[in-house]
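Contents: one structure, followed by commentary.
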Amino acid sequence: MFLDWLPNIHPLIIHAPIVLIPLGFLVHLICLLLKKGEEWKIPIGILYSASLLGVLAAFLSGRQAGDSVTIHPQANLVLSEHADLALWTLGISVIVTTLYWSWIRIRMWSGMPWVILTLSLVNIGSMILTADHGGQLVYRFGTGVSLRVEKEIIAKPVQSAPAVISNSDGSWTWDAKMETGEKHFTSFHFIEGEAENIISESKKSGYYSLTEPVTFLWDKTETDIQMDVQLDVKSFKGKVVLFHHFKSLDQYDFLEISGDEISLGRIVNGKREVMDTEKNNNGDWNRYRVISSGRHYKGFMNEKLVVHGHGSILDPGRVGLRLNGSGTIGLLSIKTISISND
Ligand code: HEM
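First residue of the sequence shown? That's 1439 in the working numbering, and the numbers climb one at a time after it.
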C-alpha cells in the first residue's frame, strides 16, 4: 500500500520545520529591512507559529520513531544528541513565537524585532545541527531503512578470560555454554559474595542457584554502553540488576528485573531514584537490554523498548550484574558493547 514501507511518519514531517524556520527568519528580515514589518506583522506571526507547530510535530513523531525503530548500538549516541538538539530547537521556537506575538500586542521596546530575529537565526543553526544528526541516523547508520548503509566493522574476537570472548573494539560476551570448570563466573570481579555462591545446575546448562546475593563486575570502565543479558527469572524470587556507571554500591545506574516488574533508575548516595517502571511478563527466557547514551537511558525486553528515562551524565564506571534472591535463575549470556561517536 501507499507509504506502508515507511517505518514511521517522522521523515515526512521533518520537512515542515526545515522549510518554515528559515522562511520565517527571511520574511521577517526582508520586511524589517524594507520597513514593511507593520504591513506584514500577521503573516510573519503566522509563519513563526506554523514553524513552531512543525517543530512540535517533528519532535513528537521523532520520539515515537526513536522508541520504535531498531537502532544500531553505535547510533545511540547520535540519537541522544539528535533528541537533545531537537529539544533546543523546540525551546527556541517557543520563545521566538511567544516573544513575537507578545511584542505585536504590547510593543514594549522598538529593538525587540531584532532580538527576535537574532533568536530566529540561532534557531536555524540549532535546526541544522538537529537535521545533521537525523541525517547521520539514516545515511550513516541505516536507521529505519531496510538495508544497513554503513559497512559492519568486523572486530577480531579473542578469548580473553574463561568463558569470555573480547573484541578489539572493547565489546565482550560471557557465555554460560563456554563455562567448563566447577566454578563459573571466575572472569568477573566480585564485590559482594563470590563465584562459589553461584552453583551451576548440573542437568540444565545456564541455570544456577544462589546461596547468597552476589554482585560482580567486569574490570573495565565504560562511558556509554549497551548491555544484553539472556535471563529466565521464572523460578527466581528476587531481583536481577544490570548495572553500569558503577562507582560503588551507593552510586550506579540500573535496569532491575524481577518476576513482575522492570525498573530503570539510579542509585545516588545510596538513595534509589526510579526513572521508569513497566510490568515484566513471566515467560521463560527473555532478552533484556540496557542502553546508556548521553543523558538517555533505555531498557528493552526482547528488542522492544519498555522503559525510558533521562538523567545527568555520570563519569565512566564499571558494568556488571547483581543477583539478589533465592531459587533457580537462568543466565545464558552477558554481552556489552561500548558506544562511541567515532
Ligand atoms: C526539531 C525536531 C526534529 C527534527 C527537525 C528532526 C529531523 C530529522 C531528520 C532531518 C532526519 C533524517 C530523515 C531522513 O533523511 O530520512 C531525522 C531522522 C530521525 N529522527 Fe529526527 N528530528 C527531530 C526530532 C527527533 C526526536 C525528538 C527524535 C527521538 C528522540 C528523533 C528521532 C529520529 C530517528 C529515530 C530518525 C531516523 C529515521 C526514522 O526512523 O524516522 N527525531 N530526524
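All C-beta atoms, glycine included, are put in the ideal place defined by N, C-alpha and C. All of these numbers come straight from a predicted model, not from anything done at the bench.
Residue i: CB within 7 angstroms of a non-hydrogen atom of the ligand GTP
i	result
R1501	Looking for the ligand GTP in the displayed structure turns up nothing; the ligands present are the ligand HEM.
Span of the alpha helix (DSSP H), counted from its first residue to its last, around residue i
i	result
W1552	M1550 to Y1577
L1769	Premise fails: L1769 lies in the beta strand (DSSP E), G1755 to I1777, not in any alpha helix (DSSP H).
L1461	H1453 to L1471
Beta-carbon proximity check, residue i vs residue j, cutoff 8 angstroms
i	j	result
S1518	V1493	no
I1562	F1674	no
G1755	F1684	yes
V1652	F1681	no
A1521	P1455	no
G1483	W1526	no
G1697	V1671	yes
G1737	L1693	yes
S1647	I1663	no
S1771	A1614	yes
Q1512	S1778	yes
T1618	N1635	no
S1598	S1606	no
L1397	D1691	In this structure the chain extends from 1439 to 1780, so residue 1397 is not present and cannot be described.
S1489	L1458	yes
S1669	I1695	Correcting the residue type first, residue 1669 is Leu in the shown sequence and not Ser. Contact flag set, yes.
K1479	I1544	no
L1702	Y1735	yes
W1612	V1602	yes
P1445	V1507	yes
G1475	P1551	yes
Endpoints, beta strand (DSSP E) assigned at residue i
i	result
E1519	Here E1519 belongs to no beta strand (DSSP E); instead the alpha helix (DSSP H) covers N1514 to I1544.
L1680	F1674 to S1686
W1478	Where W1478 is concerned, there is no enclosing beta strand (DSSP E), given that its DSSP letter is neither H nor E.
I1637	I1636 to S1638
H1627	H1627 to E1630
W1612	W1610 to D1613
L1818	The structure shown does not extend to residue 1818, since the chain is modelled only from 1439 through 1780, so no value can be given for it.
V1583	Where V1583 is concerned, there is no enclosing beta strand (DSSP E), given that its DSSP letter is neither H nor E.
Expected contact under 8 angstroms - CB spacing of residue i and residue j to nearest Å
i	j	result
R1760	D1666	That belief does not hold up - the Cβ atoms of R1760 and D1666 are roughly 17 angstroms apart, past 8 angstroms.
I1700	V1744	6 angstroms
R1758	F1626	For the record, residue 1758 in the displayed sequence is Gly; it is not Arg. That pair is a contact at about 7 angstroms.
V1534	Y1486	6 angstroms
H1571	L1523	6 angstroms
A1633	K1621	5 angstroms
G1644	N1762	Their Cβ separation, rounded to whole angstroms, is 19 angstroms, which puts G1644 and N1762 out of contact at 8 angstroms.
Opposing strand residues paired with residue i [DSSP bridges]
i	result
A1599	V1602
Y1486	None, per the DSSP bridge assignment.
K1736	I1729 and H1746
D1670	G1768
Q1502	According to DSSP, which records beta bridges pairwise, Q1502 is partnered with nothing at all.
E1699	K1717
E1660	G1755
D1607	In the DSSP output, where bridge partners are listed per residue, D1607 has none listed.
N1724	L1669
D1442	D1442 is not bridged to any residue.
E1436	With the chain covering only 1439 through 1780, there is no way to say anything about residue 1436.
T1653	E1630 and R1760
V1706	K1709
Cutoff 8 angstroms: residue i Cβ touching any chain D Cβ
i	result
G1483	Absent from the structure is chain D; it holds one protein chain and no more.
- [ ] Mind the definition here: the region 1503-1519 touches the region 1719-1733 only if three or more C-beta pairs lie below 8 angstroms; say whether that holds.
- [x] Touching, yes.
TODO: Would you check if the region 1742-1758 and the region 1702-1717 touch, i.e. whether three or more CB-CB distances between them fall below 8 angstroms?
DONE: Contact between the region 1702-1717 and the region 1742-1758 is established, with three or more Cβ pairs separated by less than 8 angstroms.
Open item on the list: I'd like to know if the region 1494-1507 and the region 1462-1474 are in contact, where contact means that at least 3 CB-CB pairs between them fall below 8 angstroms.
Closed with: The region 1494-1507 makes no contact with the region 1462-1474, as fewer than three CB pairs between them are under 8 angstroms.
- [ ] Indicate whether the contact test is met: 3 or more Cβ pairs, each with one atom in the region 1465-1474 and one in the region 1572-1579, closer than 8 angstroms.
- [x] Put simply, the region 1465-1474 does not touch the region 1572-1579. Fewer than three CB pairs are less than 8 angstroms apart.
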